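Read the structure below first, then the notes.
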Amino acid sequence: MLHQSLGRIEVRAPRQGLHDITDEIERWIAGQGIGTGLLTLFCRHTSASLLIQENAAPAARQDVETYFARIVPEDRSLYTHNDEGPDDMPAHLRTALTETQLAIPVENGGMLLGRWQGIYLFEHRREPSRREIALHLVGE
Amino acid sequence: MLHQSLGRIEVRAPRQGLHDITDEIERWIAGQGIGTGLLTLFCRHTSASLLIQENAAPAARQDVETYFARIVPEDRSLYTHNDEGPDDMPAHLRTALTETQLAIPVENGGMLLGRWQGIYLFEHRREPSRREIALHLVGE
Amino acid sequence: MLHQSLGRIEVRAPRQGLHDITDEIERWIAGQGIGTGLLTLFCRHTSASLLIQENAAPAARQDVETYFARIVPEDRSLYTHNDEGPDDMPAHLRTALTETQLAIPVENGGMLLGRWQGIYLFEHRREPSRREIALHLVGE
């Protein structure tokens, strides 16, 4: 019979950019006693987001960071909302362009990710921080 | 035991831009008799989208609207599809860059949003309209 | 009582751009014996993505392809990661700007899409390929 689990994990974001959180999520799933189902991740912030990206080449992650810095520049003259500094509004916009939530099928107790897919927290602020991810798993 | 609810709400979009629909969604959840679970919102349109954004500063919402107007300009010369006016194709593109659906964990009968997160309908057309959001809730 | 189905389909992407996969997904749903519920699609690749777009005008799809070619150009000088050619890194970035997963409510055995919504595989590589989509359906 189907059942569900709801939890939260806190992940470290020691710097602006992409942080691989795949292993932390797999560990959480492993503790829920659900082999087949659907996992949903939800980032409870408006200045950090979730992204599935290439997990092999560090250069690809660097290019992602460079690209978002280019299309959403940290240039105060572009925004009226700068309360918390030049990275404040760009953080909200980079979040808008990526994901606040991800839903991923689970099989044999693990996420059905493709071979080259990793799950990343995309931290958009310059200060080191901790971010809370809510997790929901339904299955059996 | 897990059960599910499926519903639809119609939300007003009196002008182009972001419209806070958080309260309307919370009210719908409150009527379903499910305290813990997963809510999915689905916008049944290609010219309006969903976005989780900062819910405190109106300036932040204005900056979001300005940003999308800049990266997806209403300039007929850029598009071949202009059947319904200069805001036609930009509406589809701004939808593509944001979200058609959102999945949000539910706890104690309410969405597990972060302190600064609100849910917005992002209306991309200039004419006032009504938009239909389908809602699915699974839980117990 | 709620139950779930998990499956995979392989879809053909004979060229770069948008490929309508709505019918293939409807056929999969029809075989699962679930009339009401929630469907989740998950693209197991970092160089192809999912997108809900206008399903009537071919010009709109062409404009989507043109737009993404413009904001994420295939210009080697912009990226450090070019292992697989000039379309390598743009493929990852166009994936980041669109969707890896979609969740869609199901009613009467079909997706609750709006009248003008179609589901597209957005292939970002130039070589013809096949892409694997994982599908999860929960409902009754």
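Protein chains in written order, with our numbering: chain A, 10 to 149; chain B, 10 to 149; chain C, 10 to 149.
For glycine and all other residues, C-beta sits at the position ideal for the given N, C-alpha and C.
What you are looking at is a predicted structure, and each value in this text was computed from that prediction instead of being measured.
Residue nearest to residue i in terms of C-alpha spacing, selected from the options
i, options, result
"Asn64/A", "Thr75/A, Ile30/A, Asp84/A and Glu116/A", "Ile30/A"
"Leu60/B", "Asp84/B, Leu106/B and Ala78/B", "Leu106/B"
"Ala22/A", "Leu144/A, His145/A, Leu130/A and Met10/A", "Leu130/A"
"Gln62/C", "Glu83/B, Leu102/B and His12/B", "Leu102/B"
"Cys52/A", "Tyr88/A, Leu87/A, Ile18/A and Glu116/A", "Ile18/A"
"Trp125/B", "Trp125/A, His145/A and Glu141/A", "Glu141/A"
"Tyr76/A", "Arg85/C, Gly118/C and Thr75/C", "Arg85/C"
"Ala143/C", "Leu144/A, Ile128/A and Ile113/A", "Ile113/A"
"Pro67/A", "Thr89/C, Gly26/C and Leu15/C", "Thr89/C"
"Gly119/A", "Val20/A, Asp96/A and Ile34/A", "Ile34/A"
"Asp96/A", "Glu108/A, Pro82/A and Asn117/A", "Pro82/A"
Chain B within 8 Å of residue i, Cβ atoms only
i, result
"Arg103/A", "no"
"Gln13/C", "no"
"Phe131/A", "no"
"Gln110/A", "yes"
"Phe77/A", "no"
"Gln41/C", "no"
"Val81/C", "no"
"Leu122/A", "no"
"Gly148/C", "yes"
"Glu116/C", "yes"
Residue span of the alpha helix (DSSP H) that contains residue i, given as start and end
i, result
"Glu83/B", "Careful: Glu83/B lies outside any alpha helix (DSSP H) and carries neither H nor E."
"Pro99/C", "Asp97 to Leu106"
"Thr45/A", "Careful: Thr45/A lies outside any alpha helix (DSSP H) and carries neither H nor E."
Min CB distance residue i to chain C below 8 Å
i, result
"Ala66/A", "yes"
"His28/B", "no"
"Gln5/A", "The requested residue 5/A does not occur in the structure, where chain A is confined to residues 10 to 149."
"Thr55/B", "yes"
"Gln25/A", "no"
"Thr31/B", "no"
"Ile6/A", "Since the displayed chain A opens at 10 and closes at 149, residue 6/A lies outside it and no answer follows."
"Leu106/B", "yes"
Neighbour flag for residue i against chain A, beta carbons, 8 Å
i, result
"Pro99/B", "no"
"Asp92/C", "yes"
"Tyr88/B", "no"
"Thr45/C", "no"
"Ala22/C", "no"
"Glu141/B", "no"
"Ile61/B", "yes"
Residue range of the unbroken beta strand (DSSP E) whose run includes residue i
i, result
"Ala150/A", "Residue 150/A cannot be examined here, being either before or after the span of chain A that is shown, 10 to 149."
"Glu149/C", "Counting along the chain, Glu149/C falls outside any beta strand (DSSP E), and DSSP gives it neither H nor E."
"Ile128/A", "Gln126 to Glu132"
"Arg17/A", "His12 to Ala22"
"Ala57/B", "Ala57 to Glu63"
"Asp29/A", "Gly26 to Asp29"
Contacts around residue i, its chain only, beta-carbon distance under 6 Å, and the 5 residues preceding and following it disregarded
i, result
"Ala2/A", "Since the first residue of chain A shown is 10 and the last is 149, residue 2/A is not available in this structure."
"Ile43/C", "Leu146 and Gly148"
"Met98/C", "Tyr88 and His90"
Proximal residues to residue i (C-beta, below 8 Å), its chain only, five neighbours per side dropped
i, result
"Gly94/B", "Arg135"
"Ala100/A", "Thr55, Ser56, Ala57, His133 and Arg134"
"Trp37/C", "Gly16, Ile18 and Leu144"
"Leu121/A", "Ile113, Pro114 and Val115"
"Arg139/C", "Glu19, Val20, Arg21 and Ala22"
Opposing strand residues paired with residue i [DSSP bridges]
i, result
"Met120/B", "Val115/B"
"Ala142/B", "According to the sequence displayed, residue 142/B carries Ile and not Ala. In the DSSP output, where bridge partners are listed per residue, Ile142/B has Ile18/B and Cys52/B."
Residues of its chain near residue i, where Cβ-Cβ distance is below 7 Å and the 5 sequence neighbours each way are ignored
i, result
"Val147/C", "Leu11, Gln13, Gly46 and Leu47"
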